[in-house]
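S.K.: Here it is, the structure in full.
Protein chains: 2
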Amino acid sequence: MQLIETVRALQERSEAERAAGRRIALVPTMGALHAGHLALLEEARRRADRVWVSIFVNPTQFDDPADLARYPRSFEADLDACRAAGAALVFAPASAEMYPDGMQTAIEVGELSWPLCGATRSGHFRAVGTIVAKLLLAAKPHVAVFGEKDFQQLAVIRRMVRDLNFDVEIVGAPIVRDADGLALSSRNRRLDAEARRQATALVQALDAAEAAASDGVRDAARLLSAVRAKIARAPRAELEYAELRDPETLRPAPAQLGGPTLLALAVHMRLADGGAERVRLIDNRVLRPALRAGGSAG
Amino acid sequence: MQLIETVRALQERSEAERAAGRRIALVPTMGALHAGHLALLEEARRRADRVWVSIFVNPTQFDDPADLARYPRSFEADLDACRAAGAALVFAPASAEMYPDGMQTAIEVGELSWPLCGATRSGHFRAVGTIVAKLLLAAKPHVAVFGEKDFQQLAVIRRMVRDLNFDVEIVGAPIVRDADGLALSSRNRRLDAEARRQATALVQALDAAEAAASDGVRDAARLLSAVRAKIARAPRAELEYAELRDPETLRPAPAQLGGPTLLALAVHMRLADGGAERVRLIDNRVLRPALRAGGSAG
Numbered sequence: 001m002q003l004i005e006t007v008r009a010l011q012e013r014s015e016a017e018r019a020a021g022r023r024i025a026l027v028p029t030m031g032a033l034h035a036g037h038l039a040l041l042e043e044a045r046r047r048a049d050r051v052w053v054s055i056f057v058n059p060t061q062f063d064d065p066a067d068l069a070r071y072p073r074s075f076e077a078d079l080d081a082c083r084a085a086g087a088a089l090v091f092a093p094a095s096a097e098m099y100p101d102g103m104q105t106a107i108e109v110g111e112l113s114w115p116l117c118g119a120t121r122s123g124h125f126r127a128v129g130t131i132v133a134k135l136l137l138a139a140k141p142h143v144a145v146f147g148e149k150d151f152q153q154l155a156v157i158r159r160m161v162r163d164l165n166f167d168v169e170i171v172g173a174p175i176v177r178d179a180d181g182l183a184l185s186s187r188n189r190r191l192d193a194e195a196r197r198q199a200t201a202l203v204q205a206l207d208a209a210e211a212a213a214s215d216g217v218r219d220a221a222r223l224l225s226a227v228r229a230k231i232a233r234a235p236r237a238e239l240e241y242a243e244l245r246d247p248e249t250l251r252p253a254p255a256q257l258g259g260p261t262l263l264a265l266a267v268h269m270r271l272a273d274g275g276a277e278r279v280r281l282i283d284n285r286v287l288r289p290a291l292r293a294g295g296s297a298g
Numbered sequence: 001m002q003l004i005e006t007v008r009a010l011q012e013r014s015e016a017e018r019a020a021g022r023r024i025a026l027v028p029t030m031g032a033l034h035a036g037h038l039a040l041l042e043e044a045r046r047r048a049d050r051v052w053v054s055i056f057v058n059p060t061q062f063d064d065p066a067d068l069a070r071y072p073r074s075f076e077a078d079l080d081a082c083r084a085a086g087a088a089l090v091f092a093p094a095s096a097e098m099y100p101d102g103m104q105t106a107i108e109v110g111e112l113s114w115p116l117c118g119a120t121r122s123g124h125f126r127a128v129g130t131i132v133a134k135l136l137l138a139a140k141p142h143v144a145v146f147g148e149k150d151f152q153q154l155a156v157i158r159r160m161v162r163d164l165n166f167d168v169e170i171v172g173a174p175i176v177r178d179a180d181g182l183a184l185s186s187r188n189r190r191l192d193a194e195a196r197r198q199a200t201a202l203v204q205a206l207d208a209a210e211a212a213a214s215d216g217v218r219d220a221a222r223l224l225s226a227v228r229a230k231i232a233r234a235p236r237a238e239l240e241y242a243e244l245r246d247p248e249t250l251r252p253a254p255a256q257l258g259g260p261t262l263l264a265l266a267v268h269m270r271l272a273d274g275g276a277e278r279v280r281l282i283d284n285r286v287l288r289p290a291l292r293a294g295g296s297a298g
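As you go down the protein sequences, you meet chains A and B in turn. Counting with my numbering, you get residues 1 to 298 for the letters of the first sequence. Counting with my numbering, you get residues 1 to 298 for the letters of the second sequence.
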């Protein structure tokens, strides 16, 4: 497995692979790899001849410097995991390589960036769009694989790729969950035992809403109160948002759901009872409300 | 010569040329081709195996709809000119191909976009950056050639390419001038005879400043008054700006020039005496002030 640290060297490698007729799949990560990332690598392997992983904790997408400082890092273990998973190459640039002196260019995706995580994390998706564009232009892959846990991020990236004519296929891979249902996230490492236990409230809330939708409940307010009731049962959890939105446009869903609808959650788990430190977790599911006899197709 | 109208077809063509080991040079234009453009094509030919020209009058970069409506168009003649100049391919997309439904992504280059033309043309460089990125991602050339008449545009594009890791070499080609010195521009076609005659005030102003700088004048205020005096002798000309700036950063030059300095001009030429209709022209030159005995190297 090759370790590359400069954009120039990566571009040369990409040109050489392309000239040899090989397909490249890139898996962009911020390291702290877990089984969710490994599922992305497997998806990449199914779609290309070479699996490349980038590991870069992008400072500009953290709105809170403390969150950046505490973001888990495990570089040597990450390299081992990539090697074991059959990655051909890891791209791990220093910050100065990605943010050269005088850097002043940014990519903005409009409407898709505004709600949900965009509402509280100022500049987050601008930073995400910019760094992903940079990684795509550095690696020049045929395919890039992202996790569906960051649903809005995936929507923003798909839109950017289409809008700017990037010649790359964007693939979303399903959320990977622990045995008790908690969506895998690098941030889970920061949870204490009690917060970890209570964090299952997120998936329980999604399950409850999905079960209700399958039973024919299409009333958005009713679905969201079922969600809030589940979160309320976890005293360590503070709900940032629970929203129903169109999965394509991320516009608010109608009061009566008419078709597939994104249910997206963001929750802050307090570490230690009464403590100020919190870990932000997100999760989502696309609900497919059942059509009952006499119901409208919307 | 091949005529291509879709991004997809252009990307496939690019992949095929690259797979065959051929170098592509792209010359992005808004059509209405003149000898200045042909010089860009010659420069492209020197640097690549295939010269590709894009012809797209980008609506979003016109801040004034009337300016867009009046922008000269000569598509058939442009195709003939490209063919005669040995272009292998012309990319001429419809507006809907470049601006698909729901398009919401834009590229912003910061500080370099703010002064000079950016001060009055709101959103202009955001639109330029975005469309040039789209053209680079559609054609995937090895080289792209731009004219130095649009000095700030070239600076913005160079910065964007470096900041986002575009794997393309950006080449600037010198300004081409008519026999009397007027910089070639598609907009010159809109000048009446008198405005055309008086438009030479721009190059005379540049010449005057350059002569003064060569004589050792390094006082910015003195150089700019020489410029303004020349423009004032053309009653049809209204000065928008005359500025001395650092050629790399476009920051204001010091009161005493210390090294190579951009002198940039924008002038509106009134069509018919007292008429409201005007044609906006720009021109520039990099002054290289002589160091006089006892002068400071700055």
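Ideal placement from N, C-alpha and C gives every residue a C-beta, glycine not left out.
List the endpoints of the continuous beta strand (DSSP E) containing ILE4/A.
M.R.: Where ILE4/A is concerned, the enclosing beta strand (DSSP E) stretches over 2 to 4.
S.K.: My parser needs the beta strand (DSSP E) runs of 3 or more residues fully inside the region 86 to 160 of chain B; what are they?
M.R.: Here the runs fully enclosed are 89 to 91, 105 to 109, 143 to 147.
S.K.: Would you please verify whether the beta carbon of THR29/B is less than 8 Å from any beta carbon of chain A?
M.R.: No, no contact with chain A.
S.K.: What first and last residue would you give for the beta strand (DSSP E) that runs through ASP283/A?
M.R.: ASP283/A -> beta strand (DSSP E) spans 278 to 287.
S.K.: VAL168/A and GLY129/A look like a contact to me (Cβ under 8 Å); what is the Cβ gap, rounded to whole Å?
M.R.: Not quite, the Cβ-Cβ distance comes to about 14 Å (not below 8 Å), so this is no contact.
S.K.: Does the CB of GLN11/B have a neighbour CB from chain A at under 8 Å?
M.R.: Closer than 8 Å: yes.
S.K.: Starting from HIS34/B, follow the alpha helix (DSSP H) in both directions and report where the run begins and ends.
M.R.: Note, HIS34/B: premise wrong, no alpha helix (DSSP H); not H, not E.
S.K.: Closest to GLU240/B by C-alpha separation, out of THR120/B, ILE4/B, GLY181/B, would be which residue?
M.R.: The candidate whose alpha carbon is nearest that of GLU240/B is THR120/B.
S.K.: Taking buried to mean at least 16 other C-beta atoms within 10 Å of its own C-beta, is ARG83/A buried or exposed?
M.R.: Exposed, because fewer than 16 other Cβ atoms sit within 10 Å of the Cβ of ARG83/A.
S.K.: Might you give, ordered along the chain, the residues of its own chain that have their beta carbon closer than 7 Å to the beta carbon of ASP192/A, omitting 5 neighbours on each side?
M.R.: Taken in chain order, the residues that qualify are LEU271, ALA272.
S.K.: Looking only at its chain, what residues have a beta carbon closer than 8 Å to the beta carbon of LEU223/B, apart from the 5 residues adjacent to it on each side?
M.R.: Cβ neighbours of LEU223/B beyond the five flanking positions: ALA209, ALA212, ALA213, VAL217, LEU244, LEU257, LEU263, LEU287.
S.K.: Taking 7 Å as the limit between beta carbons, can you name the residues of its chain near ARG228/B, skipping five residues before and five after?
M.R.: These residues qualify, in order along the chain: LEU239, ALA242.
S.K.: As an exercise, report each continuous alpha helix (DSSP H) stretch of at least 4 residues that is fully enclosed by the region 192 to 240 of chain B, in chain order.
M.R.: List check, alpha helix (DSSP H) in window: 193 to 198, 201 to 214, 220 to 232.
S.K.: Could you have a look at SER54/B and say whether DSSP puts it in helix, strand or coil?
M.R.: If DSSP states are grouped into helix, strand and coil, SER54/B belongs with the strands.
S.K.: Taking the alpha helix (DSSP H) that VAL176/B falls in, what are its first and last residues?
M.R.: From DSSP, VAL176/B is part of no alpha helix (DSSP H); its letter is neither H nor E.
S.K.: For the region 247 to 257 of chain B against the region 104 to 122 of chain B, do three or more pairs of beta-carbon atoms, one drawn from each stretch, fall closer than 8 Å, so that the two count as touching?
M.R.: In short, these stretches touch, since the Cβ pair count reaches three.
S.K.: I'd like to confirm the pairing. Which residues does DSSP put opposite ALA183/B in its beta bridges?
M.R.: Beta-bridge pairing links ALA183/B to ARG177/B.
S.K.: Interface residues of chain B around VAL109/A at Cβ under 9 Å?
M.R.: Here the neighbours are GLN104, THR105, ALA106.
S.K.: Can at least three beta-carbon pairs, one atom from the region 89 to 99 of chain A and one from the region 37 to 57 of chain A, be found at a separation below 8 Å?
M.R.: Contact between the region 89 to 99 of chain A and the region 37 to 57 of chain A is present, because at least three Cβ pairs lie under 8 Å.
S.K.: With DSSP as the reference, please indicate the residues paired to ALA264/B in a beta bridge.
M.R.: BP columns for ALA264/B point to GLU243/B, ASN284/B.
S.K.: Just to confirm, is the Cβ distance from LYS230/B to GLN198/B under 8 Å?
M.R.: Going by C-beta atoms, LYS230/B is not nearer than 8 Å to GLN198/B.
S.K.: Please check if any C-beta of chain B sits within less than 8 Å of the C-beta of VAL90/A.
M.R.: By this cut-off, VAL90/A is not an interface position.
S.K.: Leaving out five residues before and five after GLN2/B in sequence, what residues of the same chain have Cβ atoms less than 8 Å from its Cβ?
M.R.: The residues are ARG13, ALA88, LEU89, VAL90.
S.K.: Since LEU68/A is in the alpha helix (DSSP H), which residue starts that stretch and which ends it?
M.R.: Unbroken alpha helix (DSSP H) run through LEU68/A: 65 to 70.
S.K.: Take the Cβ of ALA21/B as the centre, count every other Cβ of all protein chains shown within 10 Å, and call the residue buried at 16 or more, exposed below.
M.R.: According to the sequence provided, residue 21/B is Gly. The question's Ala does not apply to it. Exposed.
S.K.: From which residue to which residue does the alpha helix (DSSP H) around SER14/A run?
M.R.: Taken as a continuous stretch (DSSP letters only), the alpha helix (DSSP H) holding SER14/A covers 7 to 19.
S.K.: Measuring alpha carbon to alpha carbon, tell me which of ASP219/B, PHE75/B, HIS124/B ends up nearest LEU112/B.
M.R.: Answer by Cα proximity: HIS124/B.
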